[in-house]
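Down below is the structure, laid out as structure tokens.
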Amino acid sequence: MGFRRKYLNSGIEESGPSMVDDEESSTNSSSASDEKPVGWGARHTMALLGFWGFVASYAMRVNLSVAIVAMVHPGANHTGTNTSLVCPQLLPKNRHSFVNITSTSPQNVLQSADSQGEFDWDGKQQGIVLGSFFWGYVVTQIPGGMISERIGGKWPFGIGMFITALFSLLTPIAARSGMGALIFVRVIQGLGEGVTNPAMHALLARWAPPLERSKFAAYVYAGAQIGTVLAMPISGILISSNLFGGWPSVFYVFGGMGIVWFILWTYLVYDSPSLHPRINPKELSYIQHSIGSQTSKHKVPTPWKQILTSMPVLAILVAQTGHGWGLYTLLTELPTYMNSVLHFDLKSNSILSAAPYLMMWIFSLIASWTADYLREEHQISTTVVRKIFNTVAQWGPAIALVGAAYSGCNRTLALFLLTAAVGLNGAHFSAFQVNHIDIAPNHAGVMMGITNGFANLCGIAAPYTAGVITKDGSSLESWRLIFLIAAGIYFTDNLFYLMFASGEEQPWNRDPAEKNEVDDFVTRPLLSDTSPGPQRRISPTTARGYIRTD
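Numbering-wise (full-length UniProt numbering), the sequence shown opens with residue 1 and increments by one.
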């Protein structure tokens, strides 16, 4: 059994001054293997296609949030509204400017000029339709993680996306068949997309070197923001252009995009570096030596009891659940707020609703580079870095949402604060989102399935709650309550994360048999019994810096 040192600053205990010749050559070999290869590599291709996978995924997830504004007759949203509690209507004076109409006539104040709609669903029914995606999404989280850890993440991610794309093409037919049929299609799409996050975590655990982990996670998962940024304005343009009948074109275009992506994913991505037939040997060696000390070479039994009773895991779950409530409150309801309260037309609505997610993407990249820089250059612990960025990602939006709740009809201020709330949330990619891989890379897929499953229950609860609050019509007071609930949840869950989160590898990450192997290695001299000179031994902490090489 051979072991190779991963880091040079290991705590070897000496009983004398002698050196070991073969250890010096081993160190040189390890240093060469740890050197980062220059240029584009197979891991970058995986990350790029993972990014575009999430672009397609979120485009198919959020397009209904924009389309439903055109699908539903505007009168369905405003029955019984007290018009003294809403903002004055914006009606187009020409293509480039707007004027305020201060009439308190319900028809003038509340009805959208460019939306006729063909479905008569009230706020509560719309909340059910928007949340139905997550009924399926939460079901496949844990199975998706377990399957991805057993067979790899490529096919679970790819097939899940293919199913989502196929049923996106069927959405217009389903909607016109009845609300029940539409809900069924959205549930199936949720089942397909439910495996994507756990599958990607399993892929990142095998492909992303530890000191590139924040950047890789931010790049890949940033596809969610770009998908939202692209889907919202493109959906508005497609609906306004009446291409393929208006709103149905939204589902045809993004469904087709998902099919094309699946073909590329099938031929260009592999489950692990060792399975890639075209990977550069230097890149393969770099990845294996960077990750090898944390991940096992064989299947590791899932330590369910340890996972479910671990406070660091619970901290991730609480943080991710709070994030889910805030995210899905805005993701599913922001277009409705922009239309029914601030009264932007459909095209302006879709563009302005996308702007916060563009800021989220930009900030996520800045945060990821900063997080890895702090860990690598300033030796700040992973635990501290994760807590710093989680605080930015959750207390920042909490403050902004409180401000938005009291912004009234000041459209500029409301848009600024909502953009800040979503944008600052981009720091979560360098916080709880990647924390699973920090503490237990061998079980990252299963843990992501557990935490993401709970978090996405908020995808059901948040739009339903918003629908109940606005059932009798949108008003400033009803949306104030919606924003304050989200702010309170953000504040509470980050407080819990600060108390119990960790960035250190947990002892149950490793296979017990492998752990015994390391423990046995610790108790034996580094030199053979026949070698002359003093014997040297290694501490258990140092043993984690060694990699199995046979």
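Just so it is clear, CB atoms sit at the ideal spot from N, CA and C, and this is done for glycine as well.
- Message: Tell me which residue opens and which closes the alpha helix (DSSP H) that I188 is part of.
- Response: Position 188 of the sequence shown, counted from the first residue, corresponds to residue 188. I188 -> alpha helix (DSSP H) spans 179-193.
- Message: From the DSSP secondary-structure annotation, give me the bridge partner or partners of F119.
- Response: Reading the sequence shown from its first residue, position 119 is the one you call residue 119. Per DSSP, the beta bridge partners of F119 are V72.
- Item | Alpha-carbon to alpha-carbon, S214 and F483 | Residue 483 sits at position 483 when you count from the first residue of the sequence shown. Residue 214 sits at position 214 when you count from the first residue of the sequence shown. In a straight line, the C-alpha of F483 is about 29 angstroms away from that of S214.
- Buried versus exposed call for E118 [16 or more other C-beta atoms within 10 Å across all chains shown]: In the sequence shown, residue 118 corresponds to position 118, counting from 1. Per the 10 Å Cβ criterion, exposed.
- Task: Below 7 angstroms CB to CB, which residues in the same chain sit around F500 once its five sequence neighbours on both sides are set aside?
- Result: Residue mapping note: residue 500 aligns to position 500 of the sequence shown, counting from 1. Result list for F500: M311, P312, L314, A315, in chain order.
- With DSSP collapsed to three states, give me the class of G41. By 1-based counting over the sequence shown, the position of residue 41 is 41. It is coil, neither helix nor strand.
- Task: Quick one: using the 10 Å Cβ neighbour count with 16 as the cut-off for buried, is V468 buried or exposed?
- Result: Against the sequence shown, residue 468 aligns to sequence position 468. Under a 10 Å Cβ-count criterion, V468 is classified as exposed, with fewer than 16 other Cβ atoms of the shown protein chains found around its own Cβ.
- Item | Straight-line Cα distance separating S364 from A222 | Walking along the sequence shown from the start, residue 222 turns up at place 222. Walking along the sequence shown from the start, residue 364 turns up at place 364. Cα-Cα distance, rounded: 7 angstroms.
- Grouping DSSP H, G and I as helix and E and B as strand, with all else coil, what is A56? Position 56 of the sequence shown holds residue 56. Helix, per DSSP.
- In chain order, what residues of the same chain have a beta carbon less than 8 angstroms from the beta carbon of P419, not counting five sequence neighbours either side? In the sequence shown, residue 419 corresponds to position 419, counting from 1. The question names Pro, but residue 419 is Thr in the sequence shown. The residues A355, P356, M359, in chain order, have a CB closer than 8 angstroms to that of T419 in the same chain once the five nearest residues on each side in sequence are set aside.
- Could you give the DSSP three-state label for K36: helix, strand or coil? Residue numbering aside, residue 36 sits at position 36 when the sequence shown is read from its first letter. K36 carries a coil assignment under DSSP once its states are collapsed to helix, strand and coil.
- Residue range of the alpha helix (DSSP H) that S240 falls in? Reading the sequence shown from its first residue, position 240 is the one you call residue 240. Here the alpha helix (DSSP H) through S240 covers 223-241.
- Task: Go through its chain and collect everything with a Cβ distance to A400's Cβ below 6 angstroms, but skip five positions before and after it.
- Result: In the sequence shown, counting from the first residue as 1, residue 400 sits at position 400. So the list reads L417, A420, A421, once near-sequence residues are dropped.
- Throw me the rounded Cβ distance for the F54 and V220 pair, which I believe falls under 8 angstroms. What you label residue 54 is simply residue 54 of the sequence shown in a count that begins at 1. What you label residue 220 is simply residue 220 of the sequence shown in a count that begins at 1. Right, their Cβ atoms sit about 7 angstroms apart.
- From M257, S240, W247, residue whose alpha carbon lies closest to that of G227: As a first step, residue 227 is located in the sequence shown; it is residue number 227 there, counting from the start. Considering only alpha carbons, the answer is M257.
- Taking the C-alpha atoms as reference points, what is the distance between V446 and G153? To locate residue 446, count along the sequence shown from 1; it is residue 446. To locate residue 153, count along the sequence shown from 1; it is residue 153. In this structure, the CA atom of V446 is about 12 angstroms from the CA atom of G153.
- Expressed to the nearest angstrom, what Euclidean distance is found between the alpha-carbon atoms of D345 and A218? For the purposes of this step, residue 345 is taken as residue 345 along the sequence shown, with counting starting at 1. For the purposes of this step, residue 218 is taken as residue 218 along the sequence shown, with counting starting at 1. Rounded to the nearest whole angstrom, the C-alpha separation of D345 and A218 is 33 angstroms.
- Within 10 angstroms of its Cβ, does G160 collect 16 or more other Cβ (buried), or is it exposed? Indexing the sequence shown from 1 puts residue 160 at position 160. Answer is buried; the Cβ neighbour count reaches 16.
- Task: For E149, count neighbouring Cβ atoms within 10 angstroms of its own Cβ and tell me buried if that reaches 16, exposed if not.
- Result: As a working mapping, residue 149 is identified with position 149 in the sequence shown. Its Cβ being crowded by 16 or more others within 10 Å, E149 is buried.
- Within 8 angstroms, strictly: CB atoms of Y286 and P209: Numbered from its first residue, the sequence shown carries residue 286 at position 286. Numbered from its first residue, the sequence shown carries residue 209 at position 209. Yes.
- Message: Between which residues of its own chain and G423 is the CB-CB distance below 8 angstroms, once the five residues before and five after are set aside?
- Response: Position 423 of the sequence shown, counted from the first residue, corresponds to residue 423. Same-chain partners within the cutoff: P356, M359, M360, I362, F363.
- Message: Here's the rule I'm using: 16 or more other beta-carbon atoms within 10 Å means buried, otherwise exposed. How should H378 be labelled?
- Response: Position 378 of the sequence shown, counted from the start, is the residue given in the question as residue 378. Counting every other CB atom within 10 Å of its CB across the protein chains shown gives H378 a total below 16, marking it as exposed.
- For the alpha helix (DSSP H) holding G258, just list the boundary residues, first then last. The residue given as residue 258 occupies position 258 in the sequence shown. For G258, the uninterrupted alpha helix (DSSP H) segment begins and ends at 248-268.
- Message: I believe G131 touches Y464 by the beta-carbon criterion, under 8 angstroms. Please report the beta-carbon distance rounded to the nearest angstrom.
- Response: By one-based count along the sequence shown, residue 131 stands at place 131. By one-based count along the sequence shown, residue 464 stands at place 464. With 8 angstroms as the limit, G131 and Y464 qualify as a contact, their Cβ atoms being about 5 angstroms apart.
- Per DSSP, what kind of secondary structure is M19 in: helix, strand or coil? In the sequence shown, counting from the first residue as 1, residue 19 sits at position 19. Note that M19 scores 40 on pLDDT, short of 50, meaning its location in the model is unreliable and no value can be drawn from it.
- Task: Could you tell me whether the region 163-180 touches the region 254-270, where touching means 3 or more Cβ pairs closer than 8 angstroms?
- Result: At 8 angstroms Cβ cutoff, the stretches touch.
- Could you tell me if D120 is buried or exposed, where buried requires 16 or more neighbouring beta carbons within 10 angstroms of its beta carbon? Stepping through the sequence shown from its first residue, residue 120 is reached at position 120. Under this definition D120 is an exposed residue.
- Endpoints, the alpha helix (DSSP H) within which V446 is located: Working through the sequence shown from its first residue, we reach residue 446 at position 446. 444-455 is the span of the alpha helix (DSSP H), which, as asked, contains V446.
- Task: With a cut-off of 8 angstroms on the beta carbons, I'd call V69 and N349 a contact; round off their distance for me.
- Result: Residue mapping note: residue 69 aligns to position 69 of the sequence shown, counting from 1. Residue mapping note: residue 349 aligns to position 349 of the sequence shown, counting from 1. With 8 angstroms as the limit, V69 and N349 qualify as a contact, their Cβ atoms being about 7 angstroms apart.
- Message: Rounded to the nearest angstrom, what separates T266 and M46 at their Cα positions?
- Response: Sequence index remark: in the sequence shown, residue 266 carries index 266 (1-based). Sequence index remark: in the sequence shown, residue 46 carries index 46 (1-based). Note on geometry: alpha-carbon atoms of T266 and M46 lie some 11 angstroms from one another.
- Quick check: the region 321-333 against the region 244-254, are there 3 or more CB pairs under 8 angstroms? These segments do not touch.
- Given I151 as reference, the closest of Q433, V300, R375, A462 once Cα atoms are compared: Counting from 1 along the sequence shown, the entry for residue 151 is found at position 151. When each option's Cα is compared against that of I151, the closest is V300.
- Item | Close-in-space but distant-in-sequence residues of the same chain around F454 (CB under 6 angstroms, 5 per side omitted) | For the purposes of this step, residue 454 is taken as the residue at position 454 of the sequence shown. A distance below 6 angstroms between beta-carbons, with the five flanking residues on each side excluded, links F454 to the following residues of its chain, in chain order: L317, T321.
- Cβ of S274 within 8 angstroms of Cβ of L284? As a working mapping, residue 274 is identified with position 274 in the sequence shown. As a working mapping, residue 284 is identified with position 284 in the sequence shown. Cβ atoms of S274 and L284: closer than 8 angstroms.
- Message: According to DSSP, is S475 part of a helix, a strand, or is it coil?
- Response: Mapped onto the sequence shown, residue 475 falls at position 475. DSSP places S475 in coil when its eight states are reduced to three.
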